[in-house]
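According to the numbering used here, the stretch in the sequence shown is residues 6 to 163, in order. For every residue, glycine included, the Cβ atom is placed at its ideal position computed from N, Cα and C. In what follows, a structure is listed as structure tokens, so that the remarks can point back to it.
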Amino acid sequence: MQAEARTPDLPNSVSVPGLTCRFCGTSLRYSFVDLGMTPLCQNVVRPDEFNAPETFYPLHAFVCHECYLVQLDAYVDPGDIFTEYAYFSSYSDSWLDHVRRYSEKMIDYLQLDGSSRVLEIASNDGYALQYFVKAGIPSLGRPPTWRAQPLIVALIRA
Ligand SMILES: [Zn+2]
């Protein structure tokens, strides 16, 4: 007997008509985290805009019960979010130390070597991939914004 697909009634079950998974198209009905209303990330408010209103959007992530993709509803075109992207992960020494230790653990645990490939989506400025590259593991990163592109240290090796 094959188990039926189950969609348990969890306390974070929600009803958002028309909200479907971006990957598989399933209707989303589970809240992952609701952080309330927030202005757009990466917006720089200039001094002449201090008294101007700022638009806030819901920062509510949902999880698809079929493919487990965690996602936000789309409110703003991505091109409007990342045009002034100012954050580069490599600014943080503690974050760099964390990802260095993480990469060392993953290289050991997964037994990665020169025949392996590492792919990171939203790789920022290559802060994490640099440690795989230094270990001789071919790596490819896709930054969230093309502003980070000149800074990325990821390499592609055939
Ligand atoms: Zn899905």
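Straight-line gap, residue i to residue j (C-alpha atoms, nearest Å)
i, j, result
"Gln135", "Leu33", "36 Å"
"Ser97", "Leu45", "22 Å"
"Leu124", "Thr31", "26 Å"
"Asp102", "Pro22", "43 Å"
"His70", "Val19", "12 Å"
"Arg122", "Ala140", "12 Å"
"Val138", "Ala57", "45 Å"
"Tyr92", "Pro83", "16 Å"
"Val81", "Ala66", "15 Å"
"Tyr35", "Leu64", "14 Å"
"Pro148", "Cys26", "23 Å"
Proximity of residue i and residue j at Cβ, strictly below 8 Å
i, j, result
"Glu59", "Val50", "yes"
"Ser99", "Ala133", "no"
"Phe28", "Val75", "no"
"Ile142", "Ile112", "yes"
"Gln47", "Glu89", "yes"
"Phe55", "Met42", "no"
"Gly146", "Ser128", "yes"
"Leu24", "Asp78", "yes"
"Ser95", "Asp53", "no"
In DSSP terms, what residue i is bridged to
i, result
"Val123", "Ser144"
"Leu77", "Ala66"
"Asp39", "His65"
"Thr25", "Ser32"
"Ser18", "Tyr35"
"Pro149", "DSSP lists no partner for Pro149."
"Pro52", "Partner(s): none; Pro52 has no beta bridge."
Residue i CB to nearest heavy atom of ligand 1 below 7 Å
i, result
"Leu77", "no"
"Cys46", "no"
"Phe28", "yes"
"Thr31", "yes"
"Glu54", "no"
"Glu59", "no"
"Asp71", "Reading off the sequence, residue 71 comes out as Glu, not Asp. Yes, Cβ of Glu71 sits closer than 7 Å to a heavy atom of ligand 1."
Residue i: CB within 7 Å of a non-hydrogen atom of ligand 2
i, result
"Leu74", "As far as ligands go, the structure on display features ligand 1 and does not contain ligand 2."
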